[in-house]
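Number of protein chains: 4
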Amino acid sequence: MTLQGYTAPLSPDGRASLVPPPPWHYSGDFLIVEYRTNPDNVIALLPPELEPADDPGAVCAMFADWQSCSADFHELVDPIQSQYKEFMLIVGCKYQGQPASRCVYIWVDKDFSMYRGWIQGFPKKLGSIHLTRLFPVGQGTPRLEPGARFGATCAANDRQIARAVVTLREISKTGPTVNGPPMYNTRHFPAASGLHPTIFELVRAGGYDREVSDIWEGEAELRLYDDTLEDLQAIAPREIIKGFRFSFGYSVDGVTVLAQHNEEAER
Amino acid sequence: MTLQGYTAPLSPDGRASLVPPPPWHYSGDFLIVEYRTNPDNVIALLPPELEPADDPGAVCAMFADWQSCSADFHELVDPIQSQYKEFMLIVGCKYQGQPASRCVYIWVDKDFSMYRGWIQGFPKKLGSIHLTRLFPVGQGTPRLEPGARFGATCAANDRQIARAVVTLREISKTGPTVNGPPMYNTRHFPAASGLHPTIFELVRAGGYDREVSDIWEGEAELRLYDDTLEDLQAIAPREIIKGFRFSFGYSVDGVTVLAQHNEEAER
Amino acid sequence: MTLQGYTAPLSPDGRASLVPPPPWHYSGDFLIVEYRTNPDNVIALLPPELEPADDPGAVCAMFADWQSCSADFHELVDPIQSQYKEFMLIVGCKYQGQPASRCVYIWVDKDFSMYRGWIQGFPKKLGSIHLTRLFPVGQGTPRLEPGARFGATCAANDRQIARAVVTLREISKTGPTVNGPPMYNTRHFPAASGLHPTIFELVRAGGYDREVSDIWEGEAELRLYDDTLEDLQAIAPREIIKGFRFSFGYSVDGVTVLAQHNEEAER
Amino acid sequence: MTLQGYTAPLSPDGRASLVPPPPWHYSGDFLIVEYRTNPDNVIALLPPELEPADDPGAVCAMFADWQSCSADFHELVDPIQSQYKEFMLIVGCKYQGQPASRCVYIWVDKDFSMYRGWIQGFPKKLGSIHLTRLFPVGQGTPRLEPGARFGATCAANDRQIARAVVTLREISKTGPTVNGPPMYNTRHFPAASGLHPTIFELVRAGGYDREVSDIWEGEAELRLYDDTLEDLQAIAPREIIKGFRFSFGYSVDGVTVLAQHNEEAER
């Protein structure tokens, strides 16, 4: 008998893995605020392989309320295994001259998603994230109509990270733009000892069978807080661009390795 | 200046109250499993003012995924203040010869809902509750169609309480029945010292502006666990009746006091 | 058979109660920061029965890391039922000319303690509280010695409430003073409908078998945050007095009712 | 400017890393139950490089209540960054003929410890863990004396994992034995795509500056639950050996790679 598993913990039947093997299927609701910050501080968050975007200070603050599962869908009936919420900050950039994006910070509220993210190059920490929900009946919900307001918050380590409100105005013709181009993240995993990583590679995120609802847009507010473990004030909003609210689904079967980062250049 | 507030903590401007004043507006998704248990153990959970139901062993296990707010709707854009999930066990009974219901156990995941429940006679404890969600796009979600499966779980004090799965078959002609009649709960609050309550009164739950989606029904599974602080094995399922899944909204403006319980009879 | 229980949920054997009957026994570690704020805003938090203290702007910010149990000690071996942490703001005042204190805001991380607090007039909300611990071995702990630093934080609703650090200097000759006098809180519970409380009475907190360790004192830092549901900026520190760190144990058997608040005067 | 960090997220100043660089200092309290289970099922959890122990069915169920920090101790004053609790199942084995141990399952309640564990080959999942605490005063605490009882629980994904009680009898002459020998774990990290790991290596855990309190031993109870994601019934207790309670501190500076696992042999 041999030990099985896509991730540890390995076990005789493989069922103990923290993350089940790909593909993974996702359905979610999104609340996005696009804004501009100090471009120098965005550029400082890019690895050498990525170049500044044409609008180098543009940032996407994205809250997502997800339900996901693996190939046999079994997690869907045990919702604690399938549901999670996350908040991420995505910056624009270029890769080999083409528009690109990069997730620079991200928080999520479940372990399986945190680790599945690390496998794909998302540097996830645990956080607590909330988004206004849409319900079909009753008065305890906004509707998809002009003037409807959707809010979202993120905290981590009992420190406030972000708070946003989007007021719907109309169905968007363009949708959000900063997070639109392919995303280039870094898979990173430290060595058994010492400070140099064993894994340190530039990857391009994948995904297929994308499906999206109507995208609503409107005015937005966003606050990034000052007492965080990360230096979020460096990329705090100077100017709000726009807010968006929509639902999105897709499937993922891993990411593509593009380059091994040059560690000497990095550290 | 005087201290203000619908509940404590009282403060000069009243905004510190744990619960804002009624009315409260609710929108939610429900997953229900109706089952039969030992009738004697249901009857043992009724106060003297309530009589056994015609089907005295019928119980409703209800999971609810709520978003609620007060009169000015301000909580909706700060979703941690408006969202909560709960699980409750509701038994059938009669009051003055008419069909009635009673919530005998209930767990919820937020403080404002826990305390708002106590005000209305729901004996809420904190728990962790999860329900399968419905999303409009992607493969990470069931659809409202025959064969779709929705699950739910409840735990409290790191002890498992309940696990359910409902498999949709068709749109229900009747909807659930155990929780249908008016609900008669007990408002209870201990005295400053000693074992006798200061408040101990039978109340009838209220509600108006009810709105309900299509109600789907189908087969169901339910497990109540054995290592709980409450004696849930006494009312564990002997026979599953049916499962239901739907959305529901209403508003509440308090409950009606029907009688002062006779404490001597009770204790 | 009749329904039993010190609190709801009532059940045939009474074991389902959220809170077991008194007496309750407590052991805990404390981190305290005493400070001065705007006296007018402290006075605005007092009910008519209480008068300003001689040093009317003095406030005690108290973090506590508790383990408690009821008469048969059974909760001690199921620590999720016995452990909790809390943060409270206590102001000085007078009652009938004698030094007194009052808990104006308090957050706790367990339901049984939240409800047990309401019974005694502590207006508890749920929060997340952390205090530096003291361990007997290893380097992952401060020691009880000059220069040792102990920190504490509180958040609620994913909003930061307070952050404190106390640097020990010496064993205190006086101990903390603001929270020393008898504490006068308000038991408050709303009516079944309407805005007027059913219970609204001034009580004096009790306790016996007090036991205290050496009390260390030293310099302190305290921040109350600006984006809270309560108006904490009104009583934010203008001047830090001193910090304290010690362990404390006692037992409680209820509180004493002193007066019915005059609701007309209050609202 | 280049991106810095021991782990992702990388940032210009490096402070955003989920885990700070080693060394890490630890202080903790332990509750241990040693028991025997089906030896075949222990052996089935060993990789090919490890051989069965002389007592091949012996297992150590270890609950730990930790406070840890990195080289500059800064996490100690922000206790949410330094405190965590964990539960692990450790089996005995041999490496090259010498007594060894291996952590086969482990749950922890903080992200930084979860990820720091993965770096060292501990296959950590998130869980909720509680241990009875020891306080110096009051009646809300056991004392270190014969007959004192300490309990502990672990749950994960709202499923119960383990519950233990140890009743102290005397100071132990031997201390626990299963977890005593050097620990051999597996560092494992999946590839960017596909099912084969990028990192898959046998490592020996390290540690220095060990410090231990008196070790108390006594009778013990342990239950592993049946409705878990992992197959814990395979290694459930057949016979309880003994329980232990003590405090422990040490420091860690990484682990040592001993071999690359042969993936073909494993999968």
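Chains as they are written, first to last, in our numbering: chain A, 1 to 267; chain B, 268 to 534; chain C, 535 to 801; chain D, 802 to 1068. Don't be surprised by glycine CBs; every beta carbon is placed ideally from N, CA and C. Computed from a predicted structure; not experimentally measured.
Fill in: For residue 998(D), the first and last residue of its enclosing beta strand (DSSP E)
Along the fourth sequence, read from residue 1 onward, the residue named residue 998(D) stands at position 197. For residue 998(D), the enclosing beta strand (DSSP E) begins and ends at 998 to 1005.
Practice prompt. For residue 912(D), count neighbouring Cβ atoms within 10 angstroms of its own Cβ and tell me buried if that reaches 16, exposed if not.
Written response: Here residue 912(D) corresponds to residue number 111 of the fourth sequence, with the count starting at 1. In summary, residue 912(D) is buried, with 16 or more beta-carbon neighbours lying within 10 Å of its beta-carbon over all protein chains present.
Worksheet item: Mind listing which residues of the region 930 to 951 of chain D have their C-beta closer than 8 Å to chain C's C-betas, in chain order?
Response: Answer in chain order: 931, 932, 933, 934, 936, 937, 938, 939, 940, 941, 942, 943, 950 and 951.
Fill in: Residue-level contact to chain C via CB, residue 371(B), 8 Å cutoff
Against the second sequence, residue 371(B) aligns to sequence position 104. Taking 8 Å as the CB threshold, residue 371(B) lines the interface with chain C.
Worksheet item: With distances taken from CA atoms, which of 423(B), 315(B), 369(B) and 407(B) is nearest residue 493(B)?
Response: Working through the second sequence from its first residue, we reach residue 493(B) at position 226. For the residues 423(B), 315(B), 369(B) and 407(B), the minimum Cα distance to residue 493(B) belongs to 423(B).
Practice prompt. With a 10 Å radius around its C-beta and 16 neighbouring C-beta atoms as the bar for buried, classify residue 925(D) as buried or exposed.
Written response: Counted from its first residue, the fourth sequence places residue 925(D) at position 124. With at least 16 other beta carbons inside 10 angstroms of its own, residue 925(D) counts as buried.
Discussion item. One question on the structure: do residue 737(C) and residue 786(C) come within less than 8 Å of each other, judged by their Cβ atoms?
Written reply: What you label residue 737(C) is simply residue 203 of the third sequence in a count that begins at 1. What you label residue 786(C) is simply residue 252 of the third sequence in a count that begins at 1. Taking 8 Å as the Cβ cut-off, residue 737(C) and residue 786(C) do not qualify as a contacting pair.
Practice prompt. Can you grab the Cα-Cα spacing for the pair residue 406(B) / residue 136(A), in whole Å?
Written response: As a working note, residue 406(B) is residue 139 in the second sequence. As a working note, residue 136(A) is residue 136 in the first sequence. Answer to the nearest angstrom: the Cα atoms are 20 Å apart.
Worksheet item: Secondary structure at residue 917(D), three-state DSSP: helix, strand or coil?
Response: The residue labelled residue 917(D) in the question sits at position 116 within the fourth sequence. Residue 917(D) falls in the helix class under three-state DSSP.
Fill in: C-beta atoms of residue 335(B) and residue 446(B) nearer than 8 Å
Looking up residue 335(B) in the second sequence gives position 68. Looking up residue 446(B) in the second sequence gives position 179. No, they are not a contact pair.
Worksheet entry | Three-state class that DSSP yields for residue 83(A) in the structure shown | The residue you call residue 83(A) lines up with position 83 of the first sequence. Of the three classes helix, strand and coil, the one that applies to residue 83(A) here is strand, per DSSP.
Worksheet item: Is any beta-carbon of chain B found at less than 8 Å from that of residue 784(C)?
Response: Along the third sequence, one-based indexing puts residue 784(C) at 250. It does not: the Cβ of residue 784(C) has no partner Cβ on chain B nearer than 8 Å.
Worksheet item: How many Å lie between residue 841(D) and residue 855(D) at the Cα?
Response: Position 40 of the fourth sequence, counted from the start, is the residue given in the question as residue 841(D). Position 54 of the fourth sequence, counted from the start, is the residue given in the question as residue 855(D). Between residue 841(D) and residue 855(D), the C-alpha separation is close to 13 Å.
Discussion item. Looking at chain C, is there any beta carbon in it that lies within less than 8 Å of the beta carbon of residue 814(D)?
Written reply: On the fourth sequence, position 13 is the one that residue 814(D) refers to. Under the 8 Å criterion on CB atoms, residue 814(D) is classed as non-interfacial with respect to chain C.
Worksheet item: Of all the options 970(D), 1038(D) and 934(D), which has the alpha carbon lying nearest to the alpha carbon of residue 612(C)?
Response: Position 78 of the third sequence, counted from the first residue, corresponds to residue 612(C). It is 934(D) whose Cα lies nearest to the Cα of residue 612(C).
Practice prompt. Tell me whether residue 234(A) sits in a helix, a strand or coil according to DSSP, three-state version.
Written response: For this step, residue 234(A) is matched to residue 234 along the first sequence. The answer is helix: DSSP assigns residue 234(A) an H, G or I state.
Fill in: Same chain, Cβ closer than 8 Å to residue 529(B), neighbours up to 5 away in sequence not counted
For this step, residue 529(B) is matched to residue 262 along the second sequence. Same-chain partners within the cutoff: 315.
Item to complete: Could you confirm whether any beta carbon from chain A is found closer than 8 Å to the beta carbon of residue 1067(D)?
Response: For the purposes of this step, residue 1067(D) is taken as the residue at position 266 of the fourth sequence. Note that residue 1067(D) scores a pLDDT of 47, beneath 50, so its modelled location is shaky; the value from the coordinates is reported in the next line. Yes, because at least one Cβ of chain A sits closer than 8 Å to the Cβ of residue 1067(D).
Discussion item. So, at 8 Å on beta carbons, what are the nonlocal neighbours of residue 497(B) in its own chain, with the 5 sequence-adjacent residues on each side left out?
Written reply: Residue 497(B) sits at position 230 when you count from the first residue of the second sequence. So the qualifying residues of the chain are 372.
Worksheet item: Excluding sequence positions up to five away, which residues of its chain have a Cβ less than 7 Å from the Cβ of residue 242(A)?
Response: Here residue 242(A) corresponds to residue number 242 of the first sequence, with the count starting at 1. Once the five neighbours on either side are set aside, the close Cβ partners of residue 242(A) are 34, 217 and 220.
Item to complete: Using a Cβ-Cβ cut-off of less than 9 Å, give me the residues of the region 268 to 299 of chain B that come near chain A, in sequence order.
Response: Correct list: 291, 292, 293, 294, 295 and 296.
Discussion item. Quick check on DSSP: helix, strand or coil for residue 563(C)?
Written reply: Numbered from 1 along the third sequence, position 29 holds the residue referred to as residue 563(C). Reduced to three states, the DSSP call for residue 563(C) is strand.
Worksheet item: Can the beta-carbon of residue 700(C) be found less than 8 Å from the beta-carbon of residue 778(C)?
Response: By one-based count along the third sequence, residue 700(C) stands at place 166. By one-based count along the third sequence, residue 778(C) stands at place 244. Cβ atoms of residue 700(C) and residue 778(C): closer than 8 Å.
Fill in: Proximity to residue 983(D) [Cα-Cα], best of 859(D), 807(D) and 894(D)
For this step, residue 983(D) is matched to residue 182 along the fourth sequence. Nearest of 859(D), 807(D) and 894(D) to residue 983(D), Cα basis: 894(D).
Worksheet item: Near residue 694(C), which residues of its chain fall below 6 Å by C-beta distance, leaving aside the five closest residues on each side in sequence?
Response: Stepping through the third sequence from its first residue, residue 694(C) is reached at position 160. The beta carbon of residue 694(C) lies closer than 6 Å to those of 759 in the same chain, with the five residues before and after it left out.
Worksheet item: Which value, in whole angstroms, describes the spacing of the CA atoms of residue 300(A) and residue 201(A)?
Response: For chain A, the structure presents residues 1 to 267; residue 300(A) sits outside this window and is missing.
Worksheet entry | Nearest residue (CA-CA) to residue 171(A), options 213(A), 142(A), 240(A) and 119(A) | By one-based count along the first sequence, residue 171(A) stands at place 171. Its Cα nearest to that of residue 171(A), the residue 213(A) stands out among 213(A), 142(A), 240(A) and 119(A).
Practice prompt. Determine the burial state of residue 773(C): buried for a count of at least 16 other Cβ atoms within 10 Å of its Cβ, exposed for fewer.
Written response: One-based indexing of the third sequence puts residue 773(C) at position 239. With fewer than 16 other beta carbons inside 10 angstroms of its own, residue 773(C) counts as exposed.
Worksheet item: Shorter than 8 Å from the beta carbon of residue 80(A) to some beta carbon of chain B?
Response: Counting from 1 along the first sequence, the entry for residue 80(A) is found at position 80. Residue 80(A) has a beta carbon lying within less than 8 Å of a beta carbon in chain B.
Practice prompt. For residue 458(B), collect the residues of the same chain with a Cβ closer than 8 Å to its Cβ; drop the 5 residues on either side in sequence, then sort them by chain order.
Written response: Position 191 of the second sequence, counted from the first residue, corresponds to residue 458(B). For residue 458(B), where only same-chain residues beyond five positions count, the Cβ hits under 8 Å are 464 and 465.
Discussion item. Cβ closer than 9 Å: which chain C residues qualify as neighbours of residue 160(A)?
Written reply: Locating residue 160(A) in the first sequence gives position 160, counting from the first residue. Within chain C, the residues whose beta carbon sits less than 9 Å from that of residue 160(A) are 689, 692, 693, 694, 759 and 761, listed in sequence order.
Worksheet item: Considering only residues of the same chain and omitting the five flanking positions on each side of residue 473(B), which have a CB-CB separation below 8 Å?
Response: On the second sequence, position 206 is the one that residue 473(B) refers to. Residues of the same chain with a CB within less than 8 Å of the CB of residue 473(B), apart from the 5 flanking positions on each side, are 519, 520, 521, 522 and 523 in chain order.
Worksheet item: In whole angstroms, what separates the C-alpha of residue 845(D) from that of residue 127(A)?
Response: Counted from its first residue, the fourth sequence places residue 845(D) at position 44. Counted from its first residue, the first sequence places residue 127(A) at position 127. The straight-line gap from Cα to Cα measures roughly 36 Å.
Discussion item. Under 8 Å, Cβ to Cβ, is there at least one residue of chain F near residue 598(C)?
Written reply: Here chain F cannot be found, since the structure's protein chains are A, B, C and D.
Worksheet item: Which word fits residue 729(C), buried or exposed, when buried means at least 16 other C-beta atoms lie within 10 angstroms of its C-beta?
Response: Residue mapping note: residue 729(C) aligns to position 195 of the third sequence, counting from 1. Answer is exposed; the Cβ neighbour count stays below 16.
Worksheet item: So what's residue 455(B) in DSSP terms, helix, strand or just coil?
Response: For the purposes of this step, residue 455(B) is taken as the residue at position 188 of the second sequence. The answer is strand: DSSP assigns residue 455(B) an E or B state.
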